[in-house]
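Residue numbers (this note's numbering): 76 to 675.
The beta carbon of each residue, even a glycine, is placed where N, CA and C say it ideally should be.
This structure is a prediction, so every number in the text was calculated from the model and none was measured.
Here it is in structure tokens:
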């Protein structure tokens with residue numbers, strides 16, 4: 076262990092001299108200020124510049140490979156030359172199925188440099204789900220890593236068209252080697268600008284099959300610049316990124332913020348609680364990219380000597396809930412947390428540069444025109460905005476929960492760009508019109524938020540995860556947070572279920588519990604933490620909960636199962652409204668509920 080690291084661990088929460096909030100914002104603004112003035116400068120050009128200034132510095136590191144800035148620039152040129160050799164014209168799509176590794180970034184940076192659009196495919200998809208995402212993109216070429224060839228082969232009968240398939244470890248490697256790595260001449264490069272589409276990133280939203288969000292070169296440059304500025308990143312920084320590279324945060328925000336700053340991104344193929352701190356210490360990382368559930372998993376892991384043996388100065392991410400924020404920061408000796416809010420396809424972002432516990436950020440007055448955010452009142456059952464007599468939406472008061480929306484337009488006009496999806500109908504569904512003025516247009520985030528008196532925003536839940544019970548709106552995220560604080564609860568997933576003969580949906584929670592779990596204690600804790608209408612009406616004890624690759628809970632099957640003992644074989648418990656106690660739910664009691672004999 077180095078002396079510097081030992082000193083850092085001994086005084087874990089002393090971050091040194093921190094710049095003022097204003098200086099942090101001004102640095103970010105400086106880094107994005109020339110994007111519009113140089114419309115033909117793409118992110119690959121940023122790499123080229125650093126390759127001249129510091130050719131030998133590591134740009135991307137993985138367990139199997141390290142690429143210096145010079146090597147990354149050369150690899151990008153290889154992919155650009157390959158795309159041109161295949162006749163890929165501006166606007167043509169190439170699908171990319173590859174695990175997290177340096178070549179992943181080189182591929183999309185090179186192909187998009189010459190106008191190709193790269194569809195970033197979830198490497199966990201199989202069968203119909205994989206075919207759907209490929210069919211949405213309609214690629215002319217598909218790059219598939221060797222280890223993903225079987226999954227692709229299984230989906231082939233469902234894939235439309237006849238794309239050329241390249242094995243990343245086979246014929247593609249040979250083709251790239253034949254191309255060489257010389258920089259393209261100006262006459263060889265198609266006319267590509269920051270307005271052009273560079274990527275397709277899939278987003279699921281609250282319902283339905285994944286949609287392909289359109290990501291322009293401008294958006295990539297903005298993401299890289301904003302986060303490089305807000306994190307204060309520089310060439311000596313190293314950021315640990317174990318998030319999926321086919322998503323916007325793990326694949327664009329994290330690595331591009333480092334590459335914009337001339338620093339180093341350390342890529343792990345996937346998150347491992349056991350390997351997490353070992354990687355960070357071994358690679359001497361100073362920054363880490365997180366999502367909230369990752370932090371929760373780390374807190375649940377047994378204490379280790381590595382917990383504080385790192386040199387991290389800042390953790391940046393989204394979804395760190397207030398109930399574990401301080402515990403996470405204290406246990407792992409992280410001086411600063413930069414929580415932010417953004418959606419892949421969204422048109423505004425929020426950044427909590429002040430470190431306010433539990434908040435996703437606020438909009439500083441000097442940037443109010445750039446991030447025009449508002450919260451509007453919502454009918455939870457219909458998932459539609461409430462409107463006044465004039466037909467316009469009703470803004471929420473401070474402290475009131477509603478849906479966050481962002482005004483669509485250009486920054487100079489008091490709005491943010493919404494680039495939409497490949498499907499125009501899906502794009503239109505996300506646009507809310509006549510919000511605060513006749514003819515205006517706002518982006519619907521699908522996220523419930525509230526704002527405090529100081530202007531800080533707080534994430535409450537997804538609109539689809541909110542239900543109405545006993546005349547009250549209930550946000551499943553808040554209920555889930557309360558349940559997770561109860562002794563004996565290891566994991567929880569809260570959702571609304573239909574009750575025969577009742578309006579709205581009743582709260583139900585699927586729980587993973589420890590051996591010392593006690594129902595009576597849970598009831599008492601929930602009564603202390605939640606109003607009666609928000610306490611789960613039904614409990615389901617289950618050995619495990621399913622989640623996506625980014626740790627988002629899969630609730631749809633649980634919701635479809637409901638609480639009929641004839642369908643659910645796992646133990647079910649019903650809440651007694653008069654006492655708050657939970658008792659075993661069997662077929663006889665369910666029949667009484669279904670007939671209306673027993674009212675919940």
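Reduced DSSP secondary structure (H/G/I, E/B, other) of residue i
| i | result |
| --- | --- |
| residue 339 | strand |
| residue 361 | coil |
| residue 321 | coil |
| residue 588 | strand |
| residue 379 | coil |
| residue 644 | coil |
| residue 331 | helix |
| residue 445 | coil |
| residue 420 | coil |
| residue 660 | coil |
| residue 281 | Because the pLDDT at residue 281 is just 43, under 50, the model does not fix this residue reliably, and the value given afterwards should be weighed accordingly. If DSSP states are grouped into helix, strand and coil, residue 281 belongs with coil. |
| residue 103 | helix |
| residue 356 | helix |
| residue 259 | coil |
| residue 690 | What is shown of the chain runs 76 to 675, which leaves residue 690 out entirely. |
| residue 265 | coil |
| residue 141 | strand |
Beta carbon proximity, residue i to chain C, threshold 8 Å
| i | result |
| --- | --- |
| residue 175 | Going by chain labels, chain C is absent from the structure shown, which holds only one protein chain. |
Bridge partner(s) assigned by DSSP for residue i
| i | result |
| --- | --- |
| residue 411 | 389 |
| residue 192 | 168 |
| residue 288 | 276, 496 |
| residue 153 | Bridge partners of residue 153: none, in fact. |
| residue 524 | 477, 534 |
| residue 239 | 216 |
| residue 583 | 570, 613 |
| residue 454 | 459 |
| residue 199 | Partner(s): none; residue 199 has no beta bridge. |
| residue 628 | 622 |
Residues near residue i in its chain [Cβ-Cβ closer than 6 Å; skip 5 each side]
| i | result |
| --- | --- |
| residue 516 | 483, 506, 508 |
| residue 376 | 348 |
| residue 288 | 276, 278, 419, 420, 496 |
| residue 367 | 394, 395, 396 |
| residue 356 | 381, 384, 385 |
| residue 158 | 186, 189, 191 |
| residue 251 | 153, 157 |
| residue 323 | 276, 419 |
| residue 102 | 304 |
C-alpha gap between residue i and residue j, whole angstroms
| i | j | result |
| --- | --- | --- |
| residue 522 | residue 474 | 15 Å |
| residue 568 | residue 97 | 39 Å |
| residue 342 | residue 358 | 10 Å |
| residue 480 | residue 253 | 50 Å |
| residue 530 | residue 434 | 10 Å |
| residue 409 | residue 352 | 12 Å |
| residue 604 | residue 173 | 45 Å |
| residue 282 | residue 256 | At residue 282, the pLDDT of 42 sits below 50, so the modelled position is not reliable and the matter cannot be decided from this model. |
| residue 476 | residue 424 | 18 Å |
| residue 218 | residue 431 | 43 Å |
| residue 144 | residue 389 | 24 Å |
| residue 453 | residue 292 | 34 Å |
| residue 160 | residue 216 | 12 Å |
| residue 150 | residue 318 | 23 Å |
| residue 266 | residue 166 | 11 Å |
| residue 662 | residue 639 | 7 Å |
| residue 573 | residue 585 | 15 Å |
| residue 666 | residue 544 | 21 Å |
| residue 513 | residue 553 | 35 Å |
| residue 702 | residue 184 | Residue 702 lies beyond the range of the chain shown here (76 to 675); nothing can be said about it. |
| residue 326 | residue 121 | 17 Å |
| residue 614 | residue 112 | 57 Å |
| residue 622 | residue 365 | 17 Å |
Beta-carbon proximity list for residue i, same chain, < 8 Å, skipping 5 on both sides
| i | result |
| --- | --- |
| residue 547 | 606, 608, 609 |
| residue 310 | 129, 132, 336, 337, 338 |
| residue 241 | 216, 217, 218, 219, 247, 250 |
Cβ neighbours of residue i in the same chain (closer than 7 Å, five flanking residues each side left out)
| i | result |
| --- | --- |
| residue 422 | 481, 483, 491, 492, 493, 518 |
| residue 280 | Caution applies to residue 280, whose pLDDT of 47 falls short of 50 and renders its modelled position unreliable; the value that the coordinates give is listed next. Same-chain partners within the cutoff: 286, 521. |
| residue 620 | 566, 568, 585, 587, 628 |
Quiz item: Would you call the segment 427 to 445 and the segment 460 to 472 in contact, with 3 or more CB pairs under 8 Å?
Solution: The segment 427 to 445 vs the segment 460 to 472: no contact.
Quiz item: Counting pairs of beta carbons, one from the segment 233 to 246 and one from the segment 185 to 195, are three or more of them closer than 8 Å?
Solution: The segment 233 to 246 vs the segment 185 to 195: no contact.
Quiz item: Using 8 Å as the Cβ pair cut-off and three pairs as the minimum, do the segment 222 to 231 and the segment 311 to 321 touch?
Solution: The answer is no - the segment 311 to 321 does not touch the segment 222 to 231, with fewer than three Cβ pairs under 8 Å.
Self-check item: the segment 544 to 562 touching the segment 570 to 583, judged by at least three CB pairs closer than 8 Å
Solution: A contact between stretches requires three or more CB pairs, one per stretch, nearer than 8 Å, and the segment 544 to 562 meets this requirement with the segment 570 to 583.
Quiz item: Should the segment 610 to 619 be called in touch with the segment 636 to 650, which here means at least 3 C-beta pairs below 8 Å?
Solution: Contact between the segment 610 to 619 and the segment 636 to 650 is present, because at least three Cβ pairs lie under 8 Å.
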